[in-house]
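Student: For the sequence shown, counting from 1, position 176 maps to 176 in the UniProt record's numbering; every step adds exactly one.
Think of the CB as a built atom: it goes at the ideal place given N, C-alpha and C, for glycine as much as any other residue.
A quick note: this is a predicted structure, and the numbers were derived from the prediction, not measured.
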Amino acid sequence: MLQAACKQVCDARDRPAVRPVSGGIVAAHVSCRTVLADVVKALEGSIPFYSFESADGLYVATGFVIVPLPVEFDEFTLLEATGCASTTKDGAEEAAASALIQAASRDFGVVVTNSNFSDVEDLQKKNEKLLRHNMLLKSGWAQTINHVEILQKTLEHITLDAVGGSSRKSIGILAHGAAVWAEESVWMATAAVEELSSELMDET
């Protein structure tokens, strides 16, 4: 899901910078490379340069910026970031520029107020949350299937004991144990669902 959303964002960068939308309004797309130029200027860094890799018709770019260290005279560090895949080299470079902006924000505390970039960043954060929730749901389903299998085997033992003529007491003990275990599993599952629901409410 996250990879598909990332591809959707990168594909959007391949479209024209200015395009018509509904109601005759013209929407202008602000390039991340334009935003990156201001970020680099604030850091007093070098002009960004890029390396490209391609496979299966997709391009991936890694961007580099040489940045001087403010506390060390004549000392430099390399800001490096790789963007997501794109169907064009231009789109891959745009994605790498976006990744460099995020790296500058993370490593140097650069604050970007451009609304266009903020929208993309918000979308990426939402997709990361969706991926995390999806993994939790998958884990929950796997645990549920495991619990059902355990309960099935317990009931099979009870059935075999009943058919084999075991005493009511031994059968009752098995049945009671299965019921207690099932109740505890239900409580654990309910608590997990409530915790996940609480996280979703907090994020919205």
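In whole angstroms, what separates the C-alpha of A99 from that of L131?
Tutor: Near 19 Å, if we compare the C-alpha coordinates of L131 and A99.
Student: If you measure between the beta carbons of A61 and A92, is that distance less than 9 Å?
Tutor: In contact: A61 and A92 (Cβ atoms closer than 9 Å).
Student: On the criterion of 16 or more Cβ atoms from any shown chain inside 10 Å, does I47 qualify as buried, or is it exposed?
Tutor: Looking at its Cβ environment, which holds fewer than 16 other Cβ atoms inside 10 Å, I47 is exposed.
Student: Given a cut-off of 9 Å, decide if A85 and C32 are closer than it, judged by their beta-carbon atoms.
Tutor: No. Outside cutoff.
Student: Please go through the same chain and pick out, in chain order, the residues whose beta-carbon is closer than 7 Å to the beta-carbon of V39, but skip the five residues on each side of it.
Tutor: So the qualifying residues of the chain are I101, A104, V110 and V112.
Student: Give me the residue from A55, A179, E195 and D122 with the minimum Cα distance to Q152.
Tutor: Residue A179 is the option with its Cα nearest to Q152.
Student: Are F108 and L43 closer than 9 Å when you measure CB to CB?
Tutor: Contact: yes.
Student: Would you mind giving the Cβ-Cβ distance between T87 and G57, rounded to the nearest angstrom? I have them listed as a contact below 8 Å.
Tutor: So it is a contact: roughly 7 Å between Cβ atoms.
Student: Report yes if the C-beta distance between L78 and V71 is below 9 Å; otherwise report no.
Tutor: Against a cut-off of 9 Å, the Cβ pair of V71 and L78 comes out as no contact.
Student: Which residue marks the beginning of the alpha helix (DSSP H) containing G91, and which one marks its end?
Tutor: Run containing G91: K89 to F108, per the alpha helix (DSSP H) assignment.
Student: Name the two residues that bound the continuous beta strand (DSSP E) containing T34.
Tutor: Per DSSP, T34 belongs to no beta strand (DSSP E); it is in the alpha helix (DSSP H), C32 to L43.
Student: According to DSSP, simplified to helix, strand and coil, what is F52?
Tutor: It is a strand residue.
Student: Where does the unbroken beta strand (DSSP E) through F64 begin, and where does it stop?
Tutor: Its beta strand (DSSP E) spans residues L58 to P68.
Student: So for A179, helix, strand or coil by DSSP?
Tutor: Of the three classes helix, strand and coil, the one that applies to A179 here is helix, per DSSP.
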